[in-house]
Every structure is written in structure tokens, then in C-alpha cells.
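Here's the structure we're looking at; comments come further down.
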């Protein structure tokens, strides 16, 4: 497939329309948060002290590592190394589960402290945007699991890997969104 | 002459794998740099610009190398870069 063709970007044009729309949606949410922050800097900075930048950083590293495994997995299936591809996708699934576990711990910690969506507007944005991202990662794990099973059942090969590429694109979308969400909530 | 083509695919694969490995390490280093900037220069302009620059490079790294945007039509490359640049400009106006 010629990816230089406008209609055939890696993963196909439909997933790229979704990627563009999702990025614009999340960016819109983050800009709305930035506008709110501009008028409530003291409250936002006080609220940020309840978030752990270290946990956010570890989760970023985990997600990026998952992205690396997925990218290697796609390279492997393209050259016919389906066993290696399946192994890499399995590693990506594990990193995704690790991300969800750590994020779940973070959410649990907030709930124990009595911090919910209605605590203040900062946490309304926090729960909404990171929660949507959490759902995206969950869906991506389900997609990768289906691809893993498909590869193990010889449904995909070096001649037929379009679904794997598309699933991989959705996985990387989660990376791209988190790369923008992480600094806005945890670092700046 | 027959030997060379037999080895070529493996060489290409190794090269691509190495590029992905290098990008992965770079992304992890940039993530650590972001955290360090945040802790050392908390809420300063240095921290803001350092973190935003690192985030931009990470975004480009994931999009162009992991997502293979480097092989796509210029429209998709331009769209991805324009979207993130607009976002960074707006955030910079609001934060600085």
C-alpha cells in the first residue's frame, strides 16, 4: 500500500480522520482548562499539589514504552515475523494495563481524599479529560487484544496487516493525547 | 550478486528497529527532562518553555516515527504539525 497516497495514510484514512478529530477535541478541552487557569492561577496551583508529577511521569514512560512495542510489532508483521509481532503486541497490552493500574491507583487516592468532580473546576477538568483518556486506553487494549488473538490464529500476515496498522494507529493516538495532557495537568 | 538481495531486507529491518529504539530512548529522556524542569523551575518561564519544547519533540517523535507519519502524504504531516503548533501557541499566550 502506498502511504504517500492521500487516501492511504498508515492505518487508513478513516482512522486518521478519527485521530485528527480526537486531537482537536482533547486540545479544545485543554485550551478551555488553560483559559480557566488564567483566571484562577492560585486555585489551580493549589489543586495541582494534590497530583503526583512523579506518578504522571512514570505513567508517561509506561505509555511511551507501549508505543515502542506497538511500532516494533507492526514492523515485525510487515516482514512476516508474526510470532514476534504477537509478542510485541502482548507487551504493549501489558504496558496499557500497567498504565490503567497506576491511573486507577491515582484515582483511588483522590477518592479516598474526598476529591471528586465537584471539588472544584480544576478537578472537574482533571476527571473529565484524564477520564476520557482512560476510556481510550481501555478501548485500545481491547483492540490490541483482538489483534493479538487474530495474529495467533493466523488471520494476519505480512500480506494482510491493515487491521494491525489501524489498531496500532489508535494505540498511538492515546500516546499523542497523553503527551499533551500530562504537562498541562501535572507539570505546568 | 545473488547474495546481496538476500541480506538487504534484514539490514533494513535492523536499521528501522534501531531508529525506533533510539526514538524510544529519546522520548524517555525527554519525559525525565520535563519532570526535572517542573521540579527545579516550578511555575517559571524556563520550566514552561522547556516542558513545551520537550512535549512538542515527543509529539513529533511519536507521530512521525511510531505512527509512521513520515511515510504519509504531506497533507497528513502538515495537518498533524499545524494542529499541535496552534495548540502550543494558544497555550503559550494563556500561560506566559
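Residue numbers (this note's numbering), protein chains in the order written: chain E, 174 to 361; chain C, 2 to 97.
Using N, Cα and C, we set each Cβ at its ideal position, and we do this for glycine too.
I believe residue i touches residue j by the beta-carbon criterion, under 8 Å. Please report the beta-carbon distance rounded to the nearest angstrom.
i: residue 180 (chain E); j: residue 294 (chain E); result: That pair is no contact at about 42 Å.
i: residue 243 (chain E); j: residue 344 (chain E); result: 5 Å
i: residue 203 (chain E); j: residue 288 (chain E); result: Their Cβ separation, rounded to whole angstroms, is 20 Å, which puts residue 203 (chain E) and residue 288 (chain E) out of contact at 8 Å.
i: residue 77 (chain C); j: residue 189 (chain E); result: 6 Å
i: residue 216 (chain E); j: residue 60 (chain C); result: Contact doesn't hold; Cβ gap of about 28 Å is too wide.
i: residue 141 (chain C); j: residue 200 (chain E); result: With chain C covering 2 to 97 only, the question about residue 141 (chain C) has no answer from this structure.
Kindly indicate which three-state DSSP category residue i falls into: helix, strand or coil?
i: residue 332 (chain E); result: coil
i: residue 229 (chain E); result: helix
i: residue 319 (chain E); result: helix
i: residue 35 (chain C); result: helix
i: residue 348 (chain E); result: helix
i: residue 5 (chain C); result: At residue 5 (chain C) the pLDDT is 47, less than 50, meaning the model places this residue with poor confidence; the figure from the coordinates comes in the next sentence. If DSSP states are grouped into helix, strand and coil, residue 5 (chain C) belongs with the helices.
i: residue 327 (chain E); result: coil
i: residue 177 (chain E); result: coil
i: residue 286 (chain E); result: coil
i: residue 182 (chain E); result: coil
i: residue 27 (chain C); result: helix
i: residue 252 (chain E); result: coil
i: residue 45 (chain C); result: coil
i: residue 275 (chain E); result: helix
i: residue 187 (chain E); result: helix
i: residue 291 (chain E); result: coil
Using beta-carbon positions only, say whether residue i and residue j come within less than 8 Å of one another.
i: residue 358 (chain E); j: residue 321 (chain E); result: no
i: residue 252 (chain E); j: residue 331 (chain E); result: yes
i: residue 268 (chain E); j: residue 236 (chain E); result: yes
i: residue 223 (chain E); j: residue 175 (chain E); result: no
i: residue 273 (chain E); j: residue 311 (chain E); result: yes
i: residue 211 (chain E); j: residue 87 (chain C); result: no
i: residue 185 (chain E); j: residue 335 (chain E); result: yes
i: residue 337 (chain E); j: residue 266 (chain E); result: no
i: residue 276 (chain E); j: residue 307 (chain E); result: yes
Shorter than 8 Å from the beta carbon of residue i to some beta carbon of chain B?
i: residue 348 (chain E); result: Annotation note: the requested chain B is absent from the structure, which comprises protein chains E and C.
May I ask you to verify whether the region 70-84 of chain C touches the region 36-56 of chain C, counting CB pairs closer than 8 Å and requiring at least 3?
no
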